[in-house]
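Below is one structure, written out as structure tokens; the observations come after it.
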Amino acid sequence: MRHDLQGLRAYAVLIVIATHVWGVPTGGHVTVDMFFVISGFLITGLLLREQSLFGRVSLRAFFGRRVKRLLPAAAVVGALTITFSALMFSAARRNSVLEDGLWSMLLVQNWHLATVQTDYFAADGPVSPFQHYWSLSVEEQFYLFWPVLMVLVFSLIGRSTDAPDSRRSRLARGAVGGLLVAMTLASWAWSLHDSAAAPTTAYFSTLDRAWEIGCGAVIAFGVRCWERVAPRLGVALLWLGVVGLGVSMAVVPETPGFPAPWGTLPVLATGAVLIGGANPAVRVPTFLANRVTDYLGGLSYSLYLCHFPVLVLLRSVDPSVGWLTLPICGALAVSVHHAVEVPRMRGAWFSWSPPAAARLRESFQGTAPFMLIGLATVTILMSAVAIHAVRPRSVPSPPDAAVTTDETRVHDTDVDRDASGGGADMSAVAALQTQLTAALAATSWPTFDPPVERARDEHPTDDCGRLDDPLPLSSCTFGPADASVRMMLVGDSTAAYLADALVTLVKEPSSDVRLMTRTAYGCSFSDLPAGPAVSDECIDFRNTAMDDVEREHPDVLLIVNTYGSIELADKSIMPVATWSKALTTFATRADAAAGTVVHLSPPPPGPDPTECITPGGSPERCVTSSSGAWAARWTAVEFIAERLHQTAIDIRPLVCVVSRCPVFAGNTLIRFDGVHLAPAYARKMAPGLRELLMPVLDQAEAPAEQSDG
Numbered sequence: 034m035r036h037d038l039q040g041l042r043a044y045a046v047l048i049v050i051a052t053h054v055w056g057v058p059t060g061g062h063v064t065v066d067m068f069f070v071i072s073g074f075l076i077t078g079l080l081l082r083e084q085s086l087f088g089r090v091s092l093r094a095f096f097g098r099r100v101k102r103l104l105p106a107a108a109v110v111g112a113l114t115i116t117f118s119a120l121m122f123s124a125a126r127r128n129s130v131l132e133d134g135l136w137s138m139l140l141v142q143n144w145h146l147a148t149v150q151t152d153y154f155a156a157d158g159p160v161s162p163f164q165h166y167w168s169l170s171v172e173e174q175f176y177l178f179w180p181v182l183m184v185l186v187f188s189l190i191g192r193s194t195d196a197p198d199s200r201r202s203r204l205a206r207g208a209v210g211g212l213l214v215a216m217t218l219a220s221w222a223w224s225l226h227d228s229a230a231a232p233t234t235a236y237f238s239t240l241d242r243a244w245e246i247g248c249g250a251v252i253a254f255g256v257r258c259w260e261r262v263a264p265r266l267g268v269a270l271l272w273l274g275v276v277g278l279g280v281s282m283a284v285v286p287e288t289p290g291f292p293a294p295w296g297t298l299p300v301l302a303t304g305a306v307l308i309g310g311a312n313p314a315v316r317v318p319t320f321l322a323n324r325v326t327d328y329l330g331g332l333s334y335s336l337y338l339c340h341f342p343v344l345v346l347l348r349s350v351d352p353s354v355g356w357l358t359l360p361i362c363g364a365l366a367v368s369v370h371h372a373v374e375v376p377r378m379r380g381a382w383f384s385w386s387p388p389a390a391a392r393l394r395e396s397f398q399g400t401a402p403f404m405l406i407g408l409a410t411v412t413i414l415m416s417a418v419a420i421h422a423v424r425p426r427s428v429p430s431p432p433d434a435a436v437t438t439d440e441t442r443v444h445d446t447d448v449d450r451d452a453s454g455g456g457a458d459m460s461a462v463a464a465l466q467t468q469l470t471a472a473l474a475a476t477s478w479p480t481f482d483p484p485v486e487r488a489r490d491e492h493p494t495d496d497c498g499r500l501d502d503p504l505p506l507s508s509c510t511f512g513p514a515d516a517s518v519r520m521m522l523v524g525d526s527t528a529a530y531l532a533d534a535l536v537t538l539v540k541e542p543s544s545d546v547r548l549m550t551r552t553a554y555g556c557s558f559s560d561l562p563a564g565p566a567v568s569d570e571c572i573d574f575r576n577t578a579m580d581d582v583e584r585e586h587p588d589v590l591l592i593v594n595t596y597g598s599i600e601l602a603d604k605s606i607m608p609v610a611t612w613s614k615a616l617t618t619f620a621t622r623a624d625a626a627a628g629t630v631v632h633l634s635p636p637p638p639g640p641d642p643t644e645c646i647t648p649g650g651s652p653e654r655c656v657t658s659s660s661g662a663w664a665a666r667w668t669a670v671e672f673i674a675e676r677l678h679q680t681a682i683d684i685r686p687l688v689c690v691v692s693r694c695p696v697f698a699g700n701t702l703i704r705f706d707g708v709h710l711a712p713a714y715a716r717k718m719a720p721g722l723r724e725l726l727m728p729v730l731d732q733a734e735a736p737a738e739q740s741d742g
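At position 642 of the sequence shown (counting the first as 1) the number is 675 in my numbering, and the numbers step up by one without a gap.
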């Protein structure tokens, strides 16, 4: 193995770890591109040498080597990950981790992640400790077909008895190289298209990543030429590649335009290092070729496997202890490398013949102390983490159950403030407050109904919230056709999951309200410009929703949008003033068509229940507060409502006590993820929501009664 390549692998894996632990460098994701190029170069080089030496490539031997090289270490780390996940995670998350582990072992984790990450709700779920296995899946899928194609072309054009420099051998080699170049260019072109059209899928797709491995493979075809490159030119290329990789880590965004065209920079830079260092006469810089980088380069596979599950497990206990990833991952990687990876590559396992035993002793020679220290370190530290995760914690005294006027107010310039009755007389709200207060004081988890693991499976009423294939308004209309009050709900997914509460109310026998819903996942009812957070489909949908408002002229229009931070194309966060202006534009237009416009707050965000609910853990871990971005946007909404003479109703009395918000009330989860109401809780809080809306509904009924009279 070339020392400069070991150095590249060493720095690449260290940068991957730093990016995941500390978020720097921001372009650390390009190290995966480096690994792909190096892999393509090394593996294709081995195949070409085998073809040259023996006149053929043994697919059986090749796939056997790949299994021995990758599977044992991946399986051991996977088994440890599943074991600690079972100890530290909730049943819902344990099942998810087990599923991810299965996809990873089947080498299709990249396609699984592409599906999950394009799912609106699953994308915001807990991070999988198997997420990093996607790159291994991409590589192995590439190597399932590339050696087969090589063998087919070589067998069709060449013969096993041909000399390596014979005309037929050169022709076969040229045909294979030409096919590789064509495949690489086709993959790059597809990646260029897909990175713009479907960036999430492009990031994980083998079709979009094959060109990166292909570039390394193309370089392997010219290795004889690169070995004759003048040393000065080789040094220049090597340094150019190193600088290019440094620039890539500083400027290459994760999206948009990745993996193509932005991925071209780190791929070409890695290629420059491969070509520049090919001549043995080239003096490789010491920082890239020394005993430390040689060892870390050899350890890179085990480091890559171990770091991410350790980080995810640690952060599930305490987000501030991510730095512990370094000692734990280091100890575990050394143990896995010397106890599993190296012995299995040498074929010493599962054989008790004297030669096999000798190879086994040789592989362990001098490493036993490191393995024992590593295993002891991992066992002690991870056991301590697991105990800490499941140990019940003391819970601070909950706030007084009384709800302050500020937290229950209905800000309304049209409806008399006294008509709301405040918070003290609202029996349904008071009942919820009692359960919420008890949840804040709880030291153990109730038996949830429905269970946590099924909370994500329930969708809003009649699935009225789809953006990809929206249902007609008639399919999302509920309540008596002759109702005196016509109410419409608009907004994004937070509105869609609040709809169950409203549907519960209008379906009551005594209801005199007809409800129409126009909601879409990931699409707020506002005039936000197109960008990463606003798709063209969203713009079409919200315009349709506004047309429905202007056509239906509802007596009451409810607007519910998420208050989370919105990321712009340059990775900056959209200012509240920009968000407020976009909402004001739509609220002003809707005001001319609706009788009363009501801005309902979404529930304050908090930890994902599947992440913070752990065996033996304290409910305090799931408690959140209504502050930060949520509070800033609610203040902006109150200002909009006051300026436009509209209504702003805060639903926090239904989900929080003062400013502290638990994740459950009674035995019902309030949120099924970090943002959205669980449908079961939406139905449970329906009577309380009716009380908050009562002044608005009474006012809407009054003109109707006068008209009937």
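Glycine is no exception: its CB is placed at the ideal position from the N, C-alpha and C atoms.
What's the gap between the Cα of Arg126 and the Cα of Val280? Approximately 38 Å, taken between the alpha carbons.
Tell me whether Arg377 sits in a helix, a strand or coil according to DSSP, three-state version. Arg377: helix per DSSP, three-state reduction.
Do His340 and Val160 come within 9 Å of each other at the CB atom, strictly closer than that value? Their beta carbons are not under 9 Å apart, which means Val160 does not touch His340 by this criterion.
Could you please give me the residues that DSSP links to Ile592 through a beta bridge? Paired residues: Val523 and His632.
Is it buried or exposed, Ser430, if we count other Cβ atoms within 10 angstroms and call 16 or more buried? A caution first: Ser430 carries a pLDDT of 41, below 50, which makes its placement in the model unreliable, though a value can still be read off. Ser430 should be labelled exposed.
Strictly by DSSP, which residues pair up with Thr611? For Thr611, DSSP assigns no beta-bridge partner whatsoever.
Taking Pro286 as the reference, which of Pro232, Leu506 and Ser692 has the closest Cα? Comparing Cα-Cα distances from Pro286 to each of Pro232, Leu506 and Ser692, the minimum goes to Pro232.
Does the segment 132-141 come within contact of the segment 366-373, defined as at least 3 CB pairs closer than 8 Å? Under the three-pair Cβ rule at 8 Å, the segment 132-141 does not count as touching the segment 366-373.
Measure the Cβ-Cβ separation of Leu307 and Ile252 and say whether it is below 9 Å. Result yes, Cβ atoms of Leu307 and Ile252 sit closer than 9 Å.
Other residues of its chain near Ile703: CB distance less than 8 Å, five sequence neighbours each side excluded: Excluding sequence neighbours, Ile703 sits near Pro636, Val688, Cys694, Pro695, Val696, Phe697, Leu710, Ala711 and Tyr714.
Looking only at its chain, what residues have a beta carbon closer than 6 Å to the beta carbon of Val100, apart from the 5 residues adjacent to it on each side? Contacts found: none.
Simplified DSSP assignment, three categories, for Gly78: Helix at Gly78.
Arg257 burial status per 10 Å Cβ neighbour count (16 or more: buried): So Arg257 ends up on the exposed side.
Taking the C-alpha atoms as reference points, what is the distance between Gln468 and Gly699? Taking the straight line joining both Cα atoms gives about 6 Å.
Can you tell which of Pro352, Asp525 and Val325 has the C-alpha that lies nearest to the C-alpha of Val708? Taking each of Pro352, Asp525 and Val325 in turn and checking the Cα distance to Val708, the smallest one comes out for Asp525.
From Val582 to Ser605, what does the alpha carbon distance come to, in whole angstroms? Each residue's alpha carbon lies about 33 Å from the other.
Start and end residues, alpha helix (DSSP H) containing Arg206: Per DSSP, Arg206 belongs to the alpha helix (DSSP H) from Arg200 to Ala230.
Residue interval of the beta strand (DSSP E) (run including Val546): Run containing Val546: Val546 to Thr552, per the beta strand (DSSP E) assignment.
Quick test of your reading: His586 and Ala627, contact by CB under 8 Å. State the CB separation rounded to the nearest angstrom. Rounded, the Cβ-Cβ distance is 7 Å, consistent with contact.
Write down the C-beta distance between Val589 and Leu730 rounded to the nearest angstrom, noting that I regard them as a contact closer than 8 Å. Confirmed, Cβ separation roughly 7 Å.
Name the two residues that bound the continuous alpha helix (DSSP H) containing Ile599. For Ile599, there is no enclosing alpha helix (DSSP H), since its DSSP letter is neither H nor E.
Straight-line Cα distance separating Val539 from Glu486: The straight-line gap from Cα to Cα measures roughly 29 Å.
Would you check if the segment 291-304 and the segment 49-67 touch, i.e. whether three or more CB-CB distances between them fall below 8 Å? Verdict: yes, contact present.
Starting from Phe511, follow its DSSP beta bridges and name the residues at the other end. Leu548, per the DSSP bridge assignment.
Strand pairing of Thr657, partner residues [DSSP]: Paired residues: Cys694.
One question on the structure: do Leu591 and Gly555 come within less than 9 Å of each other, judged by their Cβ atoms? In this structure, Leu591 sits away from Gly555, with a CB-CB distance that is not shorter than 9 Å.
Report all residues from its chain with a CB closer than 8 Å to the CB of Phe672; omit the five preceding and five following residues, and keep chain order. Contacts found: Ser613.
Determine the direct distance from the alpha carbon of Thr217 to that of Leu338, and round the result to whole angstroms. If you take the alpha carbons of Leu338 and Thr217, they lie about 27 Å apart.
Using a Cβ distance threshold of 8 Å, determine whether the segment 310-327 contacts the segment 34-44, with at least three qualifying pairs required. Because the criterion of three Cβ pairs below 8 Å is met, the segment 310-327 and the segment 34-44 touch.
Compute the distance between the beta-carbons of Ala532 and Thr510, then report whether it is under 9 Å. With respect to the 9 Å criterion, Ala532 and Thr510 are not classified as neighbours on the basis of their beta carbons.
With a cut-off of 9 Å, does the C-beta of Glu734 fall near any C-beta of chain B? Although the question refers to chain B, the structure presented lacks it and comprises just one protein chain.
Is Ala625 helix, strand or coil when you go by DSSP? In this structure, Ala625 counts as coil in the three-state DSSP scheme.
Taking C-alpha atoms, which residue in Met183, Leu344 and Val130 lies nearest to Leu80? The option with the nearest alpha carbon to Leu80 is Met183.
With three or more C-beta pairs closer than 8 Å as the rule, is the segment 262-281 touching the segment 201-209? The segment 201-209 vs the segment 262-281: no contact.
Any 3 or more C-beta pairs closer than 8 Å across the segment 607-623 and the segment 560-568: Using a C-beta cut-off of 8 Å, the segment 607-623 makes contact with the segment 560-568, since at least three inter-stretch Cβ pairs fall below that distance.
Could you round the C-beta distance between Ala681 and Val691 to whole angstroms and report it? I think they count as a contact, below 8 Å. With 8 Å as the limit, Ala681 and Val691 do not qualify as a contact, their Cβ atoms being about 19 Å apart.
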